[in-house]
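To start, the structure itself, in structure tokens.
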Amino acid sequence: MSDDLRDLYQEQILDHSKRPRNFRTLPTANRSAEGYNPLCGDRETVYLTLEGDVLKDVSFQGSGCAISTASASMMTERVKGMTRPQAEALFEKFHDLITSASGPKPGGPGLEKLEVFSGVREYPVRIKCATLPWHTLKAALAGGQERVSTELSEGPKAESGGA
Amino acid sequence: MSAPASVRPAAPRPGGATGATGAAGYDVLRVREDFPILSRRVYGKPLVYLDNAATTQKPRAVMDAVRSLYENSYANIHRGVHFLSVESSEAYEKARETMKDFLHAGDTREIVFVRGTTEGINLVAQTYGRANVRAGDEILISALEHHSNIVPWQILCEEKGAKLVVAPINERGEIRMDELERRLSGKTKIVAVSHVSNALGTVNPVKSIIALAHGRGVPVLVDGAQAAPRLSVDVRDLDCDFYTFSGHKMYGPTGVGILYGKAEHLEAMPPYQGGGDMISSVTFEKTTYNILPYKFEAGTPNIAGGIGLAAAADYMRSLGIENIEAHENDLLSYATGRLSAIPGLRVIGTAREKAAVLSFTLEGVHPHDVGTVLDREGVAVRTGHHCAQPVMDFFQVPATTRASFGLYNTREEVDVFFAGIQKVVEMFRP
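Protein chains in written order, with our numbering: chain A, -18 to 144; chain B, 34 to 463.
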């Protein structure tokens, strides 16, 4: 693998994509949302057990590329036990990590293992893959059986039009 | 790289250094020199452009034609009495003549310049369709169609209360002719079908479909977007009522294409858009429309685009359309043979008649990841649903990776592509 590809597909990302954690439905879930990228067919449902303000348990199911699967897997591990504001602040940071040249702003929850996604920044067409699970989590937190589409959020299109 | 020689004996050996292929006398290395972009390197590697079904690169002849117009002859057409306007008009009408010959049509009145295939189909849906389709009528398409040959008909059906009927495909990705025939009814007002499928490469038996439909008095529109770049198209032999394609997929500029329509239909059809050039006289009380084909060409057209498109057609004919087809077929069978050696690789679309498109899935690996790894090897492929979501649904895959070949690709490039796939397998297999 060339070095720049290794920046994107870091060992932990490959590991989580091949053996995703929390990859199941959640019988206790009181929130869920479906994330969909119509351009590449990625589809992931995030399940959430919210107790008061605390994300008691989080899981996901669906199919997607290595980046979105690993992102969902590592997201569920990281946000479990967090409060809602903490999870939302973490999404902000994660978002900055992969979209902003200057990286995330200081303060708030640490990205820790999620730092492995920093290589996505160099692959603009893959940013949506990494953010899809987070947008879906956000929709689940916002309440109800929502469906989010990458085509209604930010970032360059993964692909479009043409034949 | 080692080619597993045992897999498919019929597949030719990995390409030698000459670039020679099945097409005798077709010198692909010479042809490549006509395309400046092919010498580009991406990520420090030679570009291997295998996304030709999306759009094709341009030969110097096309760029020169466009540049020459702007440097020497450019003015608005069909209007001015001045020298340049006359010269531009003549060049534009000569381009129309070239496209008539390219399609083996009989009359330039039947050659309408449009923006591309999408506009060609929308034009027919919005003029012929709106004039002829009533509530309860049916429009028959196939399950292989590109979104651009689905949605314009859905819009029409919604407006008219008509029904979109779909002829199914089989596991190979071929239209089921018996099922298509069964769906041709007294209510069918138009059949719209692709000549070559963009997602799978299936070459549809359009001549038989047209004969079937005409047997019931139903006109046929053929989406030729993927056929015009590689097959010799004879609209009179096909006897199609409409045939449309895009310039940019056949080595010409973007934003221009052709709609061929039989004069009897075009005469009877209402205009598409109103404006200048499509009228012969205008008063506030009454407007008289222009003669064919100008009735369908409102406004200043893509003059340079039309001239560039004709240059592309001339270029293809100078190479020989049959040679291009033979060359691409050789690449397709060579690539299919090589990829068949990869465990877990499933070719989507295995029609007996196939052209230039190799769509596949790789077990346990998402096409996006395939595309990213290939990209870093310099190999450009398309990943996704290829604007043909119903086709993906039929094969129960969310997306595929698609390599599509053009007249300038080589077996050596197929080898680079193959090595890239092997790399993908190494990386992502559990």
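Positions of the beta carbon are idealized from the N, C-alpha and C atoms, including for glycine.
Residue i: contacting residues in chain A (beta-carbon distance under 8 Å)
i, result
"Ala432/B", "Cys21, Gly22"
Residue-level contact to chain A via CB, residue i, 8 Å cutoff
i, result
"Pro92/B", "no"
"Met283/B", "no"
"Ile454/B", "no"
"Val449/B", "no"
Partners in chain B for residue i, counting only beta-carbon separations shorter than 9 Å
i, result
"Ser44/A", "His399, Pro431"
Residue-chain proximity (residue i, chain B), Cβ-Cβ < 8 Å
i, result
"Leu153/A", "Look at the range of chain A in this structure, -18 to 144, and you will see that residue 153/A is not part of it."
"Ala111/A", "no"
"Leu29/A", "no"
"Ala47/A", "yes"
"Tyr104/A", "yes"
"Leu(-14)/A", "yes"
"Val129/A", "no"
Within chain B, partners of residue i - CB distance below 8 Å
i, result
"Arg107/A", "His401, Thr405"
Neighbouring residues, chain A, relative to residue i (Cβ below 9 Å)
i, result
"Phe461/B", "Tyr(-10), Leu(-5), Ser(-2), Lys(-1), Ala47"
Bridge partner(s) assigned by DSSP for residue i
i, result
"Gly309/B", "Bridge partners of Gly309/B: none, in fact."
"Phe146/B", "Ile291/B"
"Arg63/B", "DSSP, once it has assigned bridges, lists no residue as partnering Arg63/B."
"Leu395/B", "Leu378/B, Val398/B"
"Gln42/A", "Thr26/A"
"Val255/B", "Val226/B, Tyr276/B"
"Pro79/B", "Arg74/B"
"Gly417/B", "Thr433/B"
"Asp84/B", "Ser437/B"
"Phe4/A", "Phe41/A"
"Arg12/A", "Leu29/A"
"Thr321/B", "Ser314/B"
"Tyr17/A", "Arg24/A, Ser130/A"
Closer than 8 Å to chain E by CB, residue i
i, result
"Glu15/A", "You won't find chain E in this structure, because its protein chains are A and B."
Report task. Below 9 Å between beta carbons is the criterion; list the residues of the region 409 to 427 of chain B that meet it against any residue of chain A, in chain order. Result -> Answer set for the region 409 to 427 of chain B: Arg409, Glu410, Arg415, Thr416, Gly417, His418, His419, Cys420, Ala421, Gln422, Met425.
Query raised in the report: Is the region 209 to 222 of chain B close to the region 377 to 386 of chain B, with three or more CB pairs under 8 Å?
Result: The answer is no - the region 377 to 386 of chain B does not touch the region 209 to 222 of chain B, with fewer than three Cβ pairs under 8 Å.
Query raised in the report: Is there contact between the region 259 to 266 of chain B and the region 276 to 287 of chain B, where contact requires at least three CB pairs shorter than 8 Å?
Result: Proximity of the region 259 to 266 of chain B to the region 276 to 287 of chain B meets the contact definition, three or more beta-carbon pairs being nearer than 8 Å.
Report task. Could you list the residues in the region 328 to 361 of chain B with a C-beta less than 8 Å from some C-beta on chain A, going in chain order? Result -> Under the 8 Å Cβ criterion, the region 328 to 361 of chain B contributes no residue.
**Report entry** Stretch-stretch touch, CB-based, cutoff 8 Å, three pairs: the region 234 to 247 of chain B with the region 295 to 314 of chain B
**Finding:** These segments do not touch.
Query - Cβ pair count under 8 Å reaching 3, the region 108 to 127 of chain A against the region 6 to 19 of chain A - result: A contact exists between the region 108 to 127 of chain A and the region 6 to 19 of chain A.
Query raised in the report: Do the region 56 to 75 of chain B and the region 434 to 447 of chain B meet, that is, are 3 or more Cβ pairs less than 8 Å apart?
Result: Touching, per the Cβ criterion.
Query raised in the report: Do the region 179 to 195 of chain B and the region 350 to 359 of chain B make contact, defined as three or more Cβ pairs closer than 8 Å?
Result: Touching, no.
Query raised in the report: Does the count of Cβ pairs from the region -13 to 5 of chain A and the region 46 to 53 of chain A closer than 8 Å reach three?
Result: In short, these stretches touch, since the Cβ pair count reaches three.
Query raised in the report: Are the region 445 to 452 of chain B and the region 96 to 109 of chain B in contact at 8 Å, needing three or more beta carbon pairs?
Result: Touching, no, given that fewer than three Cβ pairs across the two stretches are closer than 8 Å.
Query raised in the report: Hey, is the region 391 to 406 of chain B in contact with the region 341 to 356 of chain B, meaning 3+ C-beta pairs nearer than 8 Å?
Result: With the cut-off at 8 Å, the region 391 to 406 of chain B and the region 341 to 356 of chain B do not touch.
Query raised in the report: When the Cβ atoms of the region 402 to 411 of chain B are set against those of the region 362 to 373 of chain B, are three or more pairs found closer than 8 Å?
Result: With a cut-off of 8 Å on Cβ pairs, the region 402 to 411 of chain B is not in contact with the region 362 to 373 of chain B, counting fewer than three such pairs.
**Report entry** Sufficient close CB pairs (3 or more, under 8 Å) joining the region 72 to 84 of chain A to the region 101 to 116 of chain A
**Finding:** Because the criterion of three Cβ pairs below 8 Å is met, the region 72 to 84 of chain A and the region 101 to 116 of chain A touch.
Query raised in the report: Do the region 316 to 336 of chain B and the region 70 to 83 of chain B touch if we need at least three Cβ pairs shorter than 8 Å?
Result: Per the Cβ contact rule, the region 316 to 336 of chain B is not in contact with the region 70 to 83 of chain B (fewer than 3 Cβ pairs under 8 Å).
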